[in-house]
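Report on the following structure.
In the working numbering, the protein residues as written are 239 to 541.
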């Protein structure tokens, strides 16, 4: 009888503990509410009236979360620090955010995997967090901590994709680099590798032959480059998924300002848009971080 009581007690403790874990996970998922948005300009004028002549209440820095009350033409009525006012609608994103991580930003952001996990946990409650792209290879070198990163993401059940930066311009050079990527990922458990392979084409030369190689290997992939490179070499005509950046233009999102700031490309509707490479210090506690907006359609396709 005593053994039975002990067994029941242990079972009840396990159930309560499990429910506690799920409760925490649900809190993370629910913290960023449906009517909240992320400020993506730095700073944005918070005004009393929906007009550029409206009195400025204060300036809201990039990375702040605001409550969106309603849309008024090109303005959003918002609540911020218990005050109600208006901001330009393009300055607040209601879309999901994805981060890309490489050796370049690892050292400036995280000194250990524990710091990375802590950052990820904070990101989950600070924005509509959609995961990561993790660099495996840069040219002919393997990112030294990529596997430790994806192991942590698998454990946290956070979706991610893998990518490689290539310096190649010829088929032969790319195949040599890609062989390093294949060997690095061979046999590695990639449970939450949900997003398509991404090829980073930003070395400044014509990498059309590289893109053709990728086409022959993958039915589903995404191409990363800045807008002018896309147009110059016609990458946007060779693939149907784009991750577009413009490194000289900060804090722009794929809205009406896109054509004003970035040379327009007919028919280009990026699935992912890098709107800043300057990390939101107040929100994420970073020094440098690529922050990217993804389309709802692209997210729903894979998750």
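No residue lacks a Cβ here, since even glycine has one placed at the ideal position from N, Cα and C.
Using a Cβ distance threshold of 8 Å, residue 404 and residue 415 count as a contacting pair. Bridge partners of residue 376 according to DSSP: 379 and 403. Per the DSSP secondary-structure output, residue 512 pairs in a beta bridge with 483 and 530.
Residue 479 is positioned such that its CB atom lies closer than 8 Å to that of residue 509. In this structure, DSSP gives residue 324 an extended state, which the three-state scheme calls strand. Using a C-beta cut-off of 8 Å, the stretch 323-341 makes contact with the stretch 361-376, since at least three inter-stretch Cβ pairs fall below that distance. In this chain, the alpha helix (DSSP H) harbouring residue 390 covers 384-394. If you look at residue 463, you'll find it in the beta strand (DSSP E) that goes 459-464. Close CB contacts of residue 392 within its chain, under the 6 Å cut and outside five residues either way in sequence, are with 429 and 430 (chain order).
The distance from the Cβ of residue 280 to that of residue 527 is about 14 Å, inconsistent with a contact at the 8 Å cut-off. Here residue 306 is near residue 316, since their CB atoms are less than 8 Å apart. At a Cβ-Cβ threshold of 8 Å, residue 426 and residue 385 count as neighbours.
Going by C-alpha positions, residue 345 is about 22 Å away from residue 397.
Spanning the alpha carbons of residue 329 and residue 358 requires a straight line of approximately 24 Å. A direct Cα-to-Cα measurement between residue 303 and residue 331 gives close to 10 Å. For residue 413, the closest alpha carbon among the candidates 352, 454 and 461 is that of 454. Annotation: residue 432 to residue 291 spans about 46 Å, alpha carbon to alpha carbon.
Around the beta carbon of residue 347, 16 or more other beta carbons lie within 10 angstroms, which makes this residue buried. Under the three-state reduction of DSSP output, residue 473 falls in the helix class.
Looking from the CA of residue 272, the closest CA among 466, 365, 350 and 285 belongs to 365. Under the three-state reduction of DSSP output, residue 292 falls in the coil class, being neither helix nor strand. Linking residue 361 to residue 349 through their CA atoms gives a straight-line distance of about 17 Å.
With respect to the 8 Å criterion, residue 438 and residue 462 are classified as neighbours on the basis of their beta carbons. Apart from sequence neighbours up to five positions away, the residues of its chain that approach residue 314 with a beta-carbon distance below 6 Å are 306, 325, 327 and 330, ordered along the chain. Here residue 440 has 463 as same chain residues with Cβ atoms under 6 Å from its own Cβ, once five neighbours each way along the sequence are excluded. Annotation: the continuous beta strand (DSSP E) that includes residue 334 extends over 334-339. Residues 294, 295, 296, 297, 298, 316, 318, 321, 323, 324 and 325 of the same chain have their beta carbon placed closer than 8 Å to that of residue 284, with the five preceding and five following residues left out of the count.
By alpha-carbon distance to residue 282, the top candidate from 289, 390 and 300 is 300.
For residue 278, no beta strand (DSSP E) segment is defined, and its DSSP state is neither H nor E. Close CB contacts of residue 312 within its chain, under the 7 Å cut and outside five residues either way in sequence, are with 326 and 327 (chain order). Bridge partners of residue 431 according to DSSP: 398.
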